[in-house]
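Engineer: Here it is, the structure in full.
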Amino acid sequence: MQFSALDYPFYGGDYSPEQWPREVWDEDVRLMREVGVNLVTVGIFAWAHLEPTEGRFEFGWLREVLDLMGEAGIGVDLATPTAAPPPWLTTRYPDALPVDERGARYTHGSRQHFCICSPSYRRFARRIVERVAAELGGHEALRMWHAHNEYACHVPYCYCDHHARSFRSWLERRYGSVQALNDAWGSAFWSQQYSDFAEVMPPRMTPTFANPSQLLDYKRFTSEAFLEEFLEEKEVLKAARPDIPLTTNFMGLHKPLDYFAWARELDVVSTDNYPDPADPHSAALSAMHYDLVRSLNKSVPWMVMEQTSFRVNWRDRNVPKSPGQMRALSYQALARGASGVLFFQWRASRAGAEKFHSALLPHSGQASPVWTEVSQLGRELAQPEPWTTAEVVADVALVFSYANWWAVESSTSPAHDLKMQDQLTWMYLPLYLRCVTLDFASPAEPLERYQALLVPSLYLVTEDEAANIRSYVEQGGTAVISFWSGIVDEHDRVYLGPYGGPLRSLFGCDILDVAPLAPADVVEVEWEDGTKTSATFWLDLAAEPQPQRGKVLARAASGPWAGTPVVVQSNHGKGSVLYIGTRLDHDGMQRVYDLVTALRPAQSDLDAGLSDNVERVVRRSPDRDYEFVINHTDSDRKVLLAAPGYDVLGERPANGTLPLGRRGVAIVRHG
Ligand code: GAL
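Just so we're aligned, residue 112 is where the sequence shown starts under our numbering, counting upward by one.
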């Protein structure tokens, strides 16, 4: 496969020529070349154009598009159109439409209106994928296979009878006997004891809380059901052209699919990222999105498949990116390892649900400032500079698992508003602000390469995952572990005894109960040296540790539980753990991170004036480093370089102070 040999980034976007008259296509190609587009995603929602009636295929127009691209030297990321079945299909085979938890069937008229377990949908989906592969698999413009679009985006869960049958078979394979299922689901509670798999339902509408273990298994089952369909598409596409790299576009922190499992099946991980420019933390959240996606399969490249040039259309209020923000966020992706940045979409649509979503080529045409920025970025990315194959330097990992995400939010826990994304952001943000780059890591993967681990609320942890984390620590690692970790096993059953289960020995103290705080409550936290910070949301009722087991670094200093240890340090083998039993505020987190070498800001970054949304990330290749410095603010900033280098974008030596205008970017090459 050619992909990793690229020495320039992909640049382009979704291209839907089927929405436009033929003469527009020539103008498209001309303008694409003008701004340096080198990859377009085509065919993504074109099923009705490729198979207008059942069994009648029309590929001539799409072949012509690929011919035009080939002649212009633009690569094609050829998508299967299975995310939007045509009207004939859903009219003739209504069981291909999904059903909600109340039993109502969705109707045609939007997209993603299919049931992944429906035999009709699967039959026609396979057939159109086979046709795509057969008709265009040999085309010289083909650069990448793109299966489907954003699996499980709008309708992640279907509750139809096809799903009921498939779920039961899945459960039989997983548990073997109905007794084992009853045991795993704790179905002695509320008279849910099953006597036959045939009695088990998908979690359709229930009077009150459904069985949380059932909900968890339904999430596992659904992720695998989508994956099964994806693997079928992959098999067909790869059989036609095994040499063409294959992707499907992920959605960053998207809950319904276990992207770690999915990413193992991809040659290129790709993602769609739409940070909200109105959110003051948008740059940090976007960075977190990219760090996750880069980490899903650490041995393959990744890229941005979609972002917007200016504005989306699906928020209530669609605030646009500021001048320079699109470029800065594109470089953020490239800094964090991306092999390319593509957009939704090339040309803004004239009609349809997304006609007010910005594109590379706006309604107003080339006069738009968007076009100016798009052209600038395209020109810059066309400069050959081999940083796209350099590795992102990240010595710290944030431990994350989908099973945990599913369980921690679907269980009736003491705080129903405990959201994984909040927990991740809570631990991530202070590090982002001190320019510490991190990977995400599954609790099951090898962890030795990291100098420190952050473990936010790993509520569900298996014995094996816990053993992996314990051994990481005992062999010399440092872990920062937060409250609500080690609470349940893989079936969402509580580990009895003081909380923590197989992680308990790492905490340095016993957690005897938990006391979520009222929404407005703020607890004072007093540190050993008498200084104070604060905390909100949650309080573990930690017992006073034996001195040989753990050392209390901070305690709750107000409220009914004053005196309770909230930060406990303990040693294990060659390593150590900092346990945090509450949601410390930003200053509190900085204090914790200051205790761990790998989490401290580099002195050179402090001297440089980095922080507060001036981001610095290093990509390293065997013979040189590329230091990306990105100003995500609307004011001019200055950065002091730790070592002299060469400013790749400015095309001049960089030494001493580097001025960065608002939303400015510099790539400094060292070596
Ligand atoms: C993505 C989707 C695109 C387009 C875009 C708009 O989720 O894949 O087709 O709808 O959002 O932001």
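C-beta: ideal position from N, C-alpha, C; glycine also.
Work out the CA separation of residue 230 and residue 506 for me, nearest whole Å.
Structural biologist: 46 Å
Engineer: Roughly how far, in whole angstroms, is the beta-carbon of residue 692 from the beta-carbon of residue 594, given that I think they are within contact range, below 8 Å?
Structural biologist: 5 Å
Engineer: May I have the straight-line CA-CA distance separating residue 193 from residue 512, to the nearest angstrom?
Structural biologist: 28 Å
Engineer: Within a Cβ cutoff of 8 Å, which residues of the same chain sit near residue 124, ignoring the five residues on either side of it in sequence?
Structural biologist: 148, 151, 152, 417, 453, 454, 455, 456, 457, 470, 471
Engineer: Buried or exposed: where does residue 116 fall if 16 or more other Cβ atoms within 10 Å of its Cβ makes it buried?
Structural biologist: Because the pLDDT of residue 116 is 40, which lies under 50, any placement of that residue in the model is unreliable, and the number read from its coordinates should be weighed accordingly. With fewer than 16 Cβ atoms within 10 Å of its Cβ, residue 116 is classed as exposed.
Engineer: Going by the C-beta, is residue 383 closer than 7 Å to any heavy atom of ligand 1?
Structural biologist: yes
Engineer: Taking 8 Å as the threshold (C-beta atoms), are residue 438 and residue 431 in contact?
Structural biologist: no
Engineer: Exposed or buried, residue 320, counting other C-beta atoms within 10 Å across all chains shown (16 or more means buried)?
Structural biologist: exposed
Engineer: Could you tell me which residues DSSP pairs with residue 736 in its beta bridges?
Structural biologist: 731, 781
Engineer: Three Cβ pairs or more, each shorter than 8 Å: is that satisfied between the segment 300–318 and the segment 614–623?
Structural biologist: No, the segment 300–318 does not touch the segment 614–623.
Engineer: With a 10 Å radius around its C-beta and 16 neighbouring C-beta atoms as the bar for buried, classify residue 391 as buried or exposed.
Structural biologist: Per the 10 Å Cβ criterion, exposed.
Engineer: Buried or exposed for residue 603, going by 16 or more other Cβ atoms inside 10 Å?
Structural biologist: Its Cβ being crowded by 16 or more others within 10 Å, residue 603 is buried.
Engineer: Just list the alpha helix (DSSP H) runs in the segment 319–352, keeping only unbroken ones of 4 residues or longer that don't cross its boundaries, in chain order.
Structural biologist: 323–351
Engineer: Taking the Cβ atom as the reference point for each residue, do residue 725 and residue 740 lie within a distance shorter than 8 Å?
Structural biologist: Going by C-beta atoms, residue 725 is nearer than 8 Å to residue 740.
Engineer: Do residue 306 and residue 289 have their C-beta atoms within less than 8 Å of each other?
Structural biologist: Yes, the pair counts as a contact, with Cβ atoms nearer than the cut-off.
Engineer: Residues in the same chain with beta-carbon distance under 6 Å from residue 730, minus the five sequence neighbours each way, listed in chain order, please.
Structural biologist: 498, 501, 503, 737
Engineer: Count the other CB atoms, across all protein chains shown, that sit within 10 Å of the CB of residue 345; report buried if there are 16 or more and exposed otherwise.
Structural biologist: Classification of residue 345: buried, given that the 10 Å Cβ count is 16 or more.
Engineer: Do residue 257 and residue 189 have their beta-carbon atoms positioned less than 8 Å apart in this structure?
Structural biologist: Going by C-beta atoms, residue 189 is nearer than 8 Å to residue 257.
Engineer: Rank 340, 329, 673 by C-alpha distance to the C-alpha of residue 226 and give the top, closest one.
Structural biologist: 340
Engineer: Residue 648 by DSSP, collapsed to three states: which one?
Structural biologist: strand
Engineer: To the nearest angstrom, how far is the alpha carbon of residue 446 from that of residue 413?
Structural biologist: 12 Å
Engineer: Under the DSSP definition of a beta bridge, which residues are partnered with residue 255?
Structural biologist: 188
Engineer: Curious, which full-length beta strand (DSSP E) runs of at least 3 residues does the segment 365–413 contain?
Structural biologist: 380–383
Engineer: Residue 255: which of 271, 644, 481, 155 sits nearest, CA to CA?
Structural biologist: Ranking the options by Cα distance to residue 255, first place goes to 155.
Engineer: Using only CA atoms, which one of 176, 680, 701, 221 lies nearest to residue 465?
Structural biologist: 221
Engineer: Under 7 Å from any heavy atom of ligand 1, does the C-beta of residue 264 make it?
Structural biologist: yes
Engineer: Which residue from 701, 242, 385, 174 puts its Cα closest to that of residue 166?
Structural biologist: 242
Engineer: With three or more C-beta pairs closer than 8 Å as the rule, is the segment 265–283 touching the segment 373–388?
Structural biologist: no
Engineer: If you reduce the DSSP assignment to three classes, tell me which class residue 115 lands in.
Structural biologist: Only weak support exists for where residue 115 lies, its pLDDT of 43 falling under 50; the value from the coordinates is given anyway. Correct three-state label for residue 115: helix.
Engineer: Less than 8 Å between the beta carbons of residue 564 and residue 583, yes or no?
Structural biologist: yes
Engineer: Among the residues of its own chain, which have a CB less than 8 Å from the CB of residue 532, if the five just before and after it don't count?
Structural biologist: Closer than 8 Å at Cβ, skipping near neighbours: 364.
Engineer: Using the Cβ count rule (16 or more neighbours within 10 Å means buried), how would you classify residue 93?
Structural biologist: Not covered by the structure: residue 93. The range shown for the chain is 112 to 782.
Engineer: Out of curiosity, what's the CA-to-CA distance linking residue 335 and residue 560?
Structural biologist: 30 Å
Engineer: May I have the straight-line CA-CA distance separating residue 126 from residue 435, to the nearest angstrom?
Structural biologist: 24 Å
Engineer: In the DSSP output, which residue or residues are listed as bridge partners for residue 125?
Structural biologist: Beta-bridge annotation (DSSP): residue 125 is paired with 152.
Engineer: Beta-carbon within less than 7 Å of residue 460's beta-carbon, same chain only, minus the 5 sequence neighbours each way: which residues are those?
Structural biologist: 130, 466
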